[in-house]
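Working notes for the structure below.
In UniProt numbering, the protein residues as written are 1 to 320.
Structure below.
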């Protein structure tokens, strides 16, 4: 079934105002804005959290279906689904991580770990053995997933908040992180050793809109085929592409793709094509493909044309 699935969060169950949540505190009124979302590794599940403190779980195969609407204690910043596809880990603004069952889709969450400051991102190792959390106070913490109170290491080196973390899927001992200090860093995360630091200001400088421009990464996507990394930075309409040299444990800058409009999101598909979602009704989606060492625009792809039309037909929803 290739029809478009649309789910309106404003129609989802709401927790009555003032009703006490799991933490014993009353609820406050929020919007229906989606704050974080993730697919499971197989694509069989999809979960999102919104400003109304809802955690909504879907199964996507054989067709999309909402399995549950649960309520979280705090507004969430990030979530991740285990490789085993049995749990969702949700990080929130108070610095806590809760786990929610997928196999029991209506069960309450369980507090797993906590930081003293707001959490920016959460990630899992490919084998679900380690849970990694990044916070506003420059720290990346590595814990055992089954015993999160057991801290394996800290990855320390960023000078400002850590905005994004990603365990490299086909190099499972390597962690990629980004920060408000305008750097990308690679880590041997089990030991906490930094193995590479890339200063984005030396690469992105020509696109700076002001002398003290910061390069805070808002999106990271990785492609196992070729080891490509693509990033988007806040307020800069450019996609930067790197390639991971796994043996040297370094990121090599390859190319930049300038956008005419604000970039909203980026993603590699399994075959290696790079998709870019931008704030432009006329051309909301762009596709790039590696050819002779350069990423070049693809315009005649039927899938691209079909998805672009879906977005254009629902543009009011995308505009917010």
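Glycine is no exception: its CB is placed at the ideal position from the N, C-alpha and C atoms.
Just so we're clear, the structure is a prediction, and the values are computed from it rather than from any experiment.
- A direct Cα-to-Cα measurement between residue 299 and residue 158 gives close to 39 Å.
- Selection 254, 70 and 57 evaluated against residue 198 yields 254 as nearest (Cα-Cα).
- Around the beta carbon of residue 3, a 10 Å sphere encloses fewer than 16 other beta carbons of the protein chains shown; the residue is thus reported as exposed.
- At the C-beta level, residue 89 and residue 55 stay beyond 8 Å of one another.
- In this structure residue 120 is not in contact with residue 139, their Cβ atoms being roughly 10 Å apart against a cut-off of 8 Å.
- The C-alpha of residue 230 is placed about 11 Å away from the C-alpha of residue 295.
- Here DSSP, grouped into helix, strand and coil, assigns residue 214 to coil.
- Residue 257 has its alpha-carbon roughly 31 Å from the corresponding atom of residue 137.
- Listed in chain order, the non-local C-beta contacts of residue 284 below 8 Å within the same chain comprise 277, 278, 308, 311, 312, 315 and 318, local neighbours out to five positions each way being set aside.
- Of the residues assessed, residue 151 falls on the exposed side of the cut-off, its CB having fewer than 16 other CB atoms within 10 angstroms.
- By the Cβ-count criterion, residue 167 is buried, with 16 or more other Cβ atoms from all chains shown falling within 10 Å of its own Cβ.
- Between residue 141 and residue 154, the beta carbon gap of about 6 Å places them in contact (Cβ cut-off 8 Å).
- In this structure, residue 272 places its C-beta atom within 8 Å of the C-beta atom of residue 225.
- Straight-line measurement puts the Cα of residue 98 at about 7 Å from the Cα of residue 113.
- Per DSSP, residue 313 lies in no beta strand (DSSP E) segment; the continuous alpha helix (DSSP H) that holds it begins and ends at 302-313.
- In the structure shown, the three-state DSSP call for residue 112 is strand.
- In the three-state reduction of the DSSP assignment, residue 168 falls in the coil class, being assigned neither a helical nor a strand state.
- The continuous alpha helix (DSSP H) containing residue 202 extends over residues 200-204.
- Around residue 214, the same chain offers 180 and 182 as residues with beta carbons nearer than 7 Å, after the five sequence neighbours per side are excluded.
- Cβ-Cβ separation between residue 70 and residue 100: approximately 6 Å, consistent with a contact (criterion under 8 Å).
- When beta bridges are read from the DSSP output, residue 242 appears opposite 229 and 253.
- In terms of Cβ geometry, residue 178 and residue 220 form a close pair [threshold 8 Å].
- Residue 62 and residue 102 have their C-alpha atoms some 17 Å from each other.
- Counting every other CB atom within 10 Å of its CB across the protein chains shown gives residue 169 a total below 16, marking it as exposed.
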